[in-house]
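Residue numbers (my numbering): 95 to 176.
Ideal placement from N, C-alpha and C gives every residue a C-beta, glycine not left out.
Being a predicted model, the structure only gives us computed values, none of them experimental.
This report refers to the structure that appears directly beneath it.
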């Protein structure tokens, strides 16, 4: 039987930070070139890559809080309880 693949390091770090009380926040950076998704942790302010957040969401570890004022995008993400 094959062993399950370990979580990528970035995902493990993100989960550990969320377990320690950090919250993943989402915003948009606007520029002349185009809009860009921006993710960071609160209260530390540490940036988190889009790939890391989307991968953790796809793996079922994070879920959007559904707290957007406009549209379908969520402003925060939370850990999924096991």
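Judged by DSSP in its simplified three-state form, residue 151 adopts helix. When secondary structure is reduced to three states using DSSP, residue 174 falls in the coil class, being assigned neither helix nor strand. Contact check between the segment 142-151 and the segment 103-121: three or more CB pairs, one atom from each, fall below 8 angstroms, which counts as touching.
Going by C-alpha positions, residue 162 is about 8 angstroms away from residue 170. Scanning 135, 159, 148 and 164 for the CA closest to the CA of residue 115 turns up 135. Excluding the 5 residues flanking it on each side, residue 108 has same chain C-beta neighbours closer than 7 angstroms at 142, 146 and 150, in chain order.
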